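Residue numbers (my numbering), protein chains in the order written: chain A, 527 to 895; chain B, 51 to 376.
All C-beta atoms in this analysis are idealised placements derived from N, C-alpha and C, irrespective of residue type, glycine included.
Fair warning: this is a prediction, and the values are worked out from it, not measured in the lab.
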């Protein structure tokens, strides 16, 4: 790694050590605010908690939005039992199976806890075969009873997974919340550029529970185009049918054609993929059509926005620890930078919208008719 | 009418890839309207200017289809669905890509129960000999639509993609008639309806009409042991009361009924609890827009042999012509 790359990984690791379960993103927002304060022309936090950093353009009458969500999946304390154990609900898409035996930290004081489970010795035959039920799980914070538990936690506190980042293996990084601190890390870096168009870097909230923050941010910004930076699914390991693999670790950043929330703008998708090809940056298509991102809400906001999602493949997302390839992260950042460098030309040419002229037979800026 | 329908259903246009449909429609109506434009979502918006009320008429251009997710080593394509594709209906069908390549949809034959025939257990055969060969013909992310050429028999039209090219055809025919009115009419041909009523939302936000009507298809209850639905083929366009996405504004619904009665146009009332239309996203846009629907009764929706009665479509044109003069 170069010195610059080491700094980037350092920032990413710090981001993953912060806790920002959906609706409770303040620690992440505060860290990012400090990081970007000097480089943004203006900074503001909206009513839902999005952090929006503005970089004035050099004269072009177009607005570009970059979005990365700050929140992560986690837990919400919903009750305290007489025996001091905490009842909880999951926030965002988490399976009970991945919770068993995991360390968490709760609230702003980061009170340590563990999600315990009945030991195998005490399970009967049917329990051993049946799937993990959420109702059988509780967070143990070591309190002797309700009263003692109430001294350190409260109903409504969020709990995040408690796993520190580790660089390992062949260029790999394991950490919690790579979905989507990897997008935040890229966005912090991208804010440094100055472009012809106005640039709005939006660090959004509550993506994991329904793409909520991005919707509000997009209505406020009313961009012409938006690129969404994400950590996306990757399950490229043995035992997966080839056609169920969505991305492959190490094959470069992934561009989304379609998922459950969005069909990316075809022109913008092509512009980004052409940029990658031209510069020899590896890239891949996110091949499955599952999942959703902020792109889905941004696209249909206001008068409509041309969107495309650019992701870093991450294995095991929505579990306590995910794994990415550092090279994919560097390539994604490079591709985003190069895309922004050429985007003004695209916005004025192929990506423009408006009146369909009399001599022009190709609405939508398509050229393959 | 059949000629217009026929031209429109033959155009390739799955969700997000509607540009060819937009081009065909532009050519059909350009001389009859004052302005034609597209927006970031690819919606085609044709305006007949006027000093009166702003009326938005919406029909979606996109059709359901398939999207290539993986090309396997033998050259078979795995796919995801674009919109509400019924897996069992897709089996054995031919599909066609944007570059006119034809494929056949089939399933993994070791399946014990056909109920397990989900898209991830199915594939498209494009006759390729290998992965490399297939990659010369298609790419991951390419979309295909079903084949099903239009035929007319006994006044009925059978075709793929009548959902919602029949709505587009109705609006094209209406625009060509140039209804005499001082109202400003927005003929809006929307995108991405089949994946979540997406295009209509941004078009309505930009136009901010005083009212809107979605022109789309609705299922019928006139086939053997069908789901109970009040609407039948050939008994007139259906005036929407409710679907799963919208409760039609009572004033719009009543005005449509009044227009039908005064002009002797047969009509039916549509009340369904499944399915949505563009009216669902339009009516909650930009402060709220009174919205309703005029639906063409259609059998076998989302199959390659959707069936409509030409009279219903022609009567829908008459009904809308009366409505826009309000």
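(request) Specify, as a first and last residue, the run of the beta strand (DSSP E) that residue 218 of chain B falls within. (result) It is not in any beta strand (DSSP E) - residue 218 of chain B instead sits in the alpha helix (DSSP H) that spans 212-227.
(message) Check whether the segment 252-259 of chain B and the segment 272-292 of chain B are in contact - that is, three or more C-beta pairs closer than 8 angstroms.
(response) no
(request) Please decide whether residue 814 of chain A counts as near chain B, where near means a Cβ-Cβ distance under 7 angstroms. (result) yes
(request) Compare the Cα-Cα distances from residue 601 of chain A to each of A:625, A:579, A:691 and A:581 and report the closest residue. (result) A:625
(message) Which residue wins for smallest C-alpha separation from residue 804 of chain A, given the options A:861, A:850, A:789 and A:551?
(response) A:861
(message) What would DSSP say about residue 647 of chain A, mapped onto helix, strand or coil?
(response) helix
(message) Here's the rule: buried if 16 or more other CB atoms are within 10 angstroms of the residue's CB, otherwise exposed. What is residue 218 of chain B?
(response) buried
(request) Return helix, strand or coil for residue 684 of chain A, following the three-state DSSP convention. (result) strand
(message) So, under 8 angstroms CB-CB, residue 594 of chain A and residue 696 of chain A are touching, yes? Tell me the CB distance rounded to an integer number of Å.
(response) Not quite, the Cβ-Cβ distance comes to about 26 angstroms (not below 8 angstroms), so this is no contact.
(request) Compare the Cα-Cα distances from residue 184 of chain B to each of B:92, B:128, B:215 and B:68 and report the closest residue. (result) B:128
(message) Please list the terminal residues of the continuous beta strand (DSSP E) segment that includes residue 156 of chain B.
(response) 152-157
(request) Give the range of the alpha helix (DSSP H) segment to which residue 532 of chain A is assigned. (result) 529-543
(message) I need the boundaries of the alpha helix (DSSP H) containing residue 797 of chain A, first residue and last residue.
(response) 792-805
(request) Look at the Cβ atom of residue 364 of chain B, then the Cβ atom of residue 229 of chain B, and state whether they are nearer than 7 angstroms. (result) no
(message) Buried or exposed for residue 867 of chain A, going by 16 or more other Cβ atoms inside 10 Å?
(response) exposed
(request) Assign residue 279 of chain B to buried or exposed, taking buried as 16 or more other Cβ atoms, counted over all protein chains shown, within 10 Å of its Cβ. (result) buried
(message) Distance check for residue 63 of chain B and residue 134 of chain B, CA to CA, integer angstroms please.
(response) 15 angstroms
(message) Which same chain residues end up closer than 6 angstroms to residue 892 of chain A when comparing Cβ atoms and leaving out the 5 residues on each side of it in sequence?
(response) Low confidence applies to residue 892 of chain A: its pLDDT is 42, below 50, so where it sits in the model is not reliable enough to give any reading.
(request) Identify which residue in B:181, B:154 and B:294 has its Cα closest to the Cα of residue 247 of chain B. (result) B:294
(message) Looking only at its chain, what residues have a beta carbon closer than 6 angstroms to the beta carbon of residue 684 of chain A, apart from the 5 residues adjacent to it on each side?
(response) 547, 550, 600 and 602
(message) Let me see if you follow: with CB-CB separation under 7 angstroms, is residue 157 of chain B close to chain A or not?
(response) no
(message) For a quick check, are the C-beta atoms of residue 727 of chain A and residue 713 of chain A less than 7 angstroms apart?
(response) yes
(request) State the Cα-Cα distance for the pair residue 794 of chain A and residue 309 of chain B, rounded to the nearest angstrom. (result) 45 angstroms
(message) Going by DSSP in three states, residue 248 of chain B sits in which element: helix, strand or coil?
(response) helix
(request) At 4 residues or longer, and completely inside the segment 130-213 of chain B: list those alpha helix (DSSP H) runs for me, N to C. (result) 137-140 and 181-187
(message) Residues in the same chain with beta-carbon distance under 7 angstroms from residue 858 of chain A, minus the five sequence neighbours each way, listed in chain order, please.
(response) 712, 779, 836 and 838
(request) Could you work out which residues of chain B lie near residue 826 of chain A, taking near to mean beta carbons separated by less than 7 angstroms? (result) 248, 251 and 252
(request) Count the CB pairs spanning the segment 869-877 of chain A and the segment 73-81 of chain B that are closer than 8 angstroms, and state whether there are at least three. (result) no
(message) Against chain B, which members of the segment 755-786 of chain A pass a CB distance test of less than 7 angstroms?
(response) 768, 769, 770, 783 and 784
(request) Starting from residue 617 of chain A, find everything on chain D with Cβ-Cβ shorter than 8 angstroms and list it in chain order. (result) In the structure shown, chain D cannot be found, because the protein chains are A and B.
(request) Please work out which residues of its chain come closer than 8 angstroms, Cβ to Cβ, to residue 672 of chain A, disregarding the five sequence neighbours upstream and downstream, and give them in chain order. (result) 606, 607, 608, 609 and 610
(request) Reducing DSSP to helix, strand and coil, say where residue 624 of chain A ends up. (result) helix
(request) With DSSP as the reference, label residue 856 of chain A as helix, strand or coil. (result) helix
(request) Grab the span of the alpha helix (DSSP H) containing residue 75 of chain B for me, first residue to last. (result) 69-79
(message) Buried or exposed for residue 694 of chain A, going by 16 or more other Cβ atoms inside 10 Å?
(response) exposed
(request) Determine the extent of the beta strand (DSSP E) in which residue 104 of chain B is found, giving its start and end residues. (result) 104-110
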